[in-house]
Each structure stands twice: as C-alpha cells, then as structure tokens.
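Comments concern the structure below.
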C-alpha cells in the first residue's frame, strides 16, 4: 500500500508531470517564472490549492454528482439522478473558493509576495493544471487517499517545474542568447529540455518491483522445502 502511494507520487511529480507532460498551467508558468522568489510563492500557493481542491472535488463527484451518488440519502428517486453534467461548474466553484482563501492568507501574511504575484494569484482559479488534476483523478477512479496524494504530488511537480524555469531564466540574463530566441523562444526550448530530463524517471516502478519480489519469493519456497527434507534424511 505504501509503495503504491510512493509510486503514484513519483509518477505524478516526475514521470507524468502535469506541466511538462500534459502542458497544463503554461500561462502562469511562462509569465511568473522570471524570478525564483515569485515562482516559489506561486508554486506553494498552487500546492496548497491542489491539496484542498483534489479531495474536495473527489468528494463532490463521489457523493453528489456521479450516477447513484445520492444513494446515501435513502431516497430512491434521488439515487437515480446523474448530476455529472454539473461537474465543470461545481469543480470550478470549489477551486475559486479555495483560491480566494489562499489570496486572503497571502495578503494578510506577505504584502511583498501578494504584490509580486499580482493578477496571477486570482488567475490560479482558471489554472488548467488544477482543474486538469481533478479530471484526471476522476477519470482514473482514484479513492480519497489516492486523490489527496495525486493532488499534492501534481502541485509539487508543477512547483518544481516553474521554480526550475525561474532559476534558469535568471541565469540566462547573463547569457548571449541569439536575438531570434530571446524571450519566449529560449524559454520554450528550455522547457522542452527540462521535460526531456524528467523523462529519465520513466523507468521507475516501485509497485512493479515489489510484485516481482513477491513472485520470486513464491518460486523460492518449494525449493527451500525440498532442501529441508533432504537435510532431515
């Protein structure tokens, strides 16, 4: 069970990074990745929002929206309802509420970070990475624990990507970049190189290795029993 969650976390952060593999959340990634401090602040905000919205939207889908979700009410007519068509509205409303909460917290605790993030803080509401994570966990039929793990891990993966890009862009200021690649061009090329680097984690499969060990142990048992019988003789 623990290995499954570790495998899901590694897969969500590195192998199937929600930004570098699915290109979700690119707008704020390109706009706010100019300074490391700002990127860290936005990354932490996205992690916090995903931490809350992923399990919250899972619960909304599980107990309110999907077909048969209202069976817990004990009403046969309600149990037949399929409200999945309200998914977009419900999920976005939940995300908007959580972003508003984060905005209020940052405004009260750090004026500098609040001013640095500017308009991009409320724009987390329409950050497709957060909404995309919700659709992924519903499509893959994750349980509550998996949804929580996936939400946090996806947020961490997005934060790592934007912080890495911000650190590289700060270094690029002192580089002699060709005129045709300055700005968005070199940023997209660097993003592609980071994505290729993350592909190196594709061979990690903790769940698969654990299953192989179990198979090996099962195959070894009969031979061990034979050896013990021979020793007794």
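Numbering (this note's numbering), first residue to last: 230 to 462. Heads up, the beta-carbon is just placed ideally off N, CA and C, and yes, glycines get one too.
### Query
In angstroms, rounded to a whole number, what distance separates the CA positions of residue 423 and residue 319?
Position 194 of the chain shown, counting from 1, holds the residue named residue 423. Position 90 of the chain shown, counting from 1, holds the residue named residue 319. Residue 423 and residue 319: Cα-Cα distance of roughly 34 Å.
### Task
Just tell me which of 273, 290, 265 and 317 has its CA closest to the CA of residue 369.
Numbered from its first residue, the chain shown carries residue 369 at position 140. Residue 369 has its Cα closest to that of 290, out of 273, 290, 265 and 317.
### Query
Where residue 303 and residue 361 are concerned, what is the direct C-alpha to C-alpha distance, given to the nearest angstrom?
As a working mapping, residue 303 is identified with position 74 in the chain shown. As a working mapping, residue 361 is identified with position 132 in the chain shown. Those two C-alpha atoms are separated by around 32 Å.
### Task
Go ahead and pull the three-state DSSP assignment for residue 303.
Taking the chain shown and counting its residues from 1, the one referred to as residue 303 is at position 74. Looking at residue 303 - three-state DSSP - the assignment turns out to be coil, as it is neither helix nor strand.
### Task
Would you mind working out which of 297, 373, 387 and 404 sits nearest residue 287, comparing C-alpha positions?
As a position in the chain shown, residue 287 is number 58, starting the count at 1. Distances from the CA of residue 287 to each of 297, 373, 387 and 404 were compared; the closest alpha carbon is that of 373.
### Message
For residue 257 and residue 315, I'd like the C-alpha separation in whole angstroms.
### Response
Within the chain shown, the letter at position 28 stands for residue 257. Within the chain shown, the letter at position 86 stands for residue 315. About 27 Å.
### Task
Check residue 277 in the structure and name its three-state DSSP category.
Here the question's residue 277 lines up with position 48 in the chain shown. Helix.
### Query
Counting only beta-carbon atoms, is residue 359 nearer than 8 Å to chain B?
No chain B is present in this structure, which holds just one protein chain.
### Query
With respect to the alpha helix (DSSP H) encompassing residue 365, which residues constitute its N-terminal and C-terminal limits?
For the purposes of this step, residue 365 is taken as the residue at position 136 of the chain shown. Taken as a continuous stretch (DSSP letters only), the alpha helix (DSSP H) holding residue 365 covers 357-368.
### Task
From the DSSP output, in three-state form, read off residue 439 for me.
The residue labelled residue 439 in the question sits at position 210 within the chain shown. Per-residue confidence for residue 439 stands at a pLDDT of 49, beneath the threshold of 50, marking its modelled position as unreliable; no derived number is given.
### Query
Three-state secondary structure (DSSP) at residue 351?
Here residue 351 refers to the residue found at position 122 when the chain shown is read from its first residue. Correct three-state label for residue 351: helix.
### Query
Secondary structure at residue 322, three-state DSSP: helix, strand or coil?
Locating residue 322 in the chain shown gives position 93, where the first residue counts as 1. Three-state result, residue 322: helix.
### Message
Among 416, 270 and 235, whose alpha-carbon lies nearest the alpha-carbon of residue 400?
### Response
For the purposes of this step, residue 400 is taken as the residue at position 171 of the chain shown. Residue 400 has its Cα closest to that of 416, out of 416, 270 and 235.
### Query
Going by C-alpha distance, which of 418, 338 and 267 is nearest residue 348?
Numbered from 1 along the chain shown, position 119 holds the residue referred to as residue 348. Of the candidates 418, 338 and 267, the one whose C-alpha sits nearest the C-alpha of residue 348 is 267.
### Query
Can residue 419 and residue 394 be called in contact, C-beta distance under 8 Å?
By one-based count along the chain shown, residue 419 stands at place 190. By one-based count along the chain shown, residue 394 stands at place 165. With contacts defined as CB atoms closer than 8 Å, residue 419 and residue 394 qualify as a contacting pair.
### Task
Rounded to whole angstroms, what's the CA-CA distance from residue 439 to residue 432? Just pull it up for me.
Within the chain shown, numbered from 1, the residue matching residue 439 stands at position 210. Within the chain shown, numbered from 1, the residue matching residue 432 stands at position 203. Its pLDDT being 49, under 50, residue 439 is placed unreliably in this model, and the value from its coordinates should be taken loosely. Their backbone Cα atoms lie some 14 Å apart in a straight line.
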